[in-house]
Amino acid sequence: MDSKQHRHLKQAIAIRFFDGQSSRERQGRMYPSDDSGVIWVDLEGDSDAQSFRLKDGLIRAAIGQTPPMIEFAHDVCIELLQMDLPDWLTPTDWTESRLAWLKRMWLSRIWRWESSPRWILVSVVVTIIFAVLVLQYGIPLIAKQTAYALPEHTLDDLGVSTLATLDHDTLKHSELPISRRIEIREEYKHWISANPEREIIFRQGGKLGPNAFALPDGRIVVTDELVNLVANDYELLAVLAHETGHIERRHALRQSITNDSLKALIIAVTGNTTSLLNETPAQLVGLTYSREFEREADDYAYELMVKKELPLHYFSDILLRLETVGGGENDGNDSLKNGLKNYISTHPPTSERIARFEGHS
Numbered sequence: 011m012d013s014k015q016h017r018h019l020k021q022a023i024a025i026r027f028f029d030g031q032s033s034r035e036r037q038g039r040m041y042p043s044d045d046s047g048v049i050w051v052d053l054e055g056d057s058d059a060q061s062f063r064l065k066d067g068l069i070r071a072a073i074g075q076t077p078p079m080i081e082f083a084h085d086v087c088i089e090l091l092q093m094d095l096p097d098w099l100t101p102t103d104w105t106e107s108r109l110a111w112l113k114r115m116w117l118s119r120i121w122r123w124e125s126s127p128r129w130i131l132v133s134v135v136v137t138i139i140f141a142v143l144v145l146q147y148g149i150p151l152i153a154k155q156t157a158y159a160l161p162e163h164t165l166d167d168l169g170v171s172t173l174a175t176l177d178h179d180t181l182k183h184s185e186l187p188i189s190r191r192i193e194i195r196e197e198y199k200h201w202i203s204a205n206p207e208r209e210i211i212f213r214q215g216g217k218l219g220p221n222a223f224a225l226p227d228g229r230i231v232v233t234d235e236l237v238n239l240v241a242n243d244y245e246l247l248a249v250l251a252h253e254t255g256h257i258e259r260r261h262a263l264r265q266s267i268t269n270d271s272l273k274a275l276i277i278a279v280t281g282n283t284t285s286l287l288n289e290t291p292a293q294l295v296g297l298t299y300s301r302e303f304e305r306e307a308d309d310y311a312y313e314l315m316v317k318k319e320l321p322l323h324y325f326s327d328i329l330l331r332l333e334t335v336g337g338g339e340n341d342g343n344d345s346l347k348n349g350l351k352n353y354i355s356t357h358p359p360t361s362e363r364i365a366r367f368e369g370h371s
């Protein structure tokens, strides 16, 4: 043995060595040198040891039960067969930069944390709390701020394409008399909004039945069935006030930003880019935001009707009438079925909407 190398065999640790030339592993041991920052590697079957400078390598943290390793150039890798780093892997002098020394100390702590069930549990709990806070407050706030910062016409093309698709698949040309359409448009301008971009479009609803909905470009579609259902035009104006709330609160743009943000978050957390696995949770969580948008639109309708001195009961009346036509909020006494229906609905339950609306008054 060469006395000049001053090998510290008593401090040796077992390793697996990969030479970067093949996938074959070799067993051996690693121990320090008197020269700070230099390690020696003895491999089974070799008569001479190899030396490596720690500053030339990159220490990879342990993951779960996978031990740490040191990677060198040309795919040379030394895998430690123990979870804890020996003290001699930390430099004993300051020939190495303070930053590098702190990095090694920090990595050493991380290795211990990742091997501790207690810290694993803590990290899981912290991750869950963080995700809940992001979902509950972060994404809605970012979506709202971004939506109001973008031009109002950002989704014009989407509005045009949405209506074209509906016209092709579901809707038909309105059969309402032209005079009736003009009358409703004039009432809308007088009571709800004089903005010329708030155009009212009439269609036969087909399977959509009595309905009204705001397009992403700011237009509102009203079905003939809804016009024929209302007891008077005040009920129709209450519905149009609600749909105008969706437009003024930028709900279409906020929903688009929210959906993209949810998908990005799911990919970041799970690492899975599969379309179905990412879109399904995003859609389910997005329903919560959709219901919140409905509440905002209801609040907008309430404030507008109070301002215009429109009787508030017309809003409740049309909701109840729509619910009756749609089969009612409850189907028999099946509470589980009704609970699921309310959960997957984009609207809050009708009883809740009426209670909140009347609670304002």
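In the working numbering, the protein residues as written are 11 to 371.
Ideal Cβ positions, reconstructed from N, Cα and C, are used throughout, including at glycine.
Report task. Reducing DSSP to helix, strand and coil, say where T334 ends up. Result -> helix
Query raised in the report: What did DSSP end up calling M79 once you bin it into helix, strand or coil?
Result: strand
Report task. For V144, I'd like the list of residues in its chain whose CB is within less than 8 Å of its CB, leaving aside the five on either flank, ordered along the chain. Result -> L275
**Report entry** In DSSP terms, what I130 is bridged to
**Finding:** Its beta-bridge partners do not exist; DSSP assigns none.
Report task. Assign A126 to one of two classes, buried (16 or more other C-beta atoms within 10 Å of its C-beta) or exposed (fewer than that). Result -> The sequence given here places Ser at residue 126; Ala does not occur at that position. When all chains shown are included, S126 counts as exposed.
Query raised in the report: Would the beta-carbon of V48 fall within 7 Å of that of Q60?
Result: no
Report task. Tell me whether I210 sits in a helix, a strand or coil according to DSSP, three-state version. Result -> strand
Query raised in the report: At what residues does the beta strand (DSSP E) containing E8 begin and finish?
Result: Nothing about residue 8 can be read from this structure; the chain reaches only from 11 to 371.
Report task. Quick one: measure Cβ to Cβ for D308 and R363, integer angstroms, because I've assumed they're closer than 8 Å. Result -> 6 Å
Query raised in the report: If we ignore side chains and look at the alpha-carbon of each, how far apart do E368 and P359 end up?
Result: 14 Å
Query raised in the report: What's the gap between the Cα of Q92 and the Cα of T137?
Result: 28 Å
Query raised in the report: DSSP three-state call for H84: helix, strand or coil?
Result: helix
Query raised in the report: How is the beta strand (DSSP E) around I230 delimited, first residue to last?
Result: I230 to T233
**Report entry** Rounded Cβ spacing between E207 and G219 (contact assumed at less than 8 Å)
**Finding:** So it is not a contact: roughly 27 Å between Cβ atoms.
Requested in this report: Give me the Cα-Cα distance between D29 and D94, rounded to the nearest whole angstrom.
Outcome: 23 Å
Report task. Report the partner residues of A224 according to the DSSP bridge assignment. Result -> I230
**Report entry** Exposure label - Y147; buried when at least 16 CB within 10 Å
**Finding:** exposed
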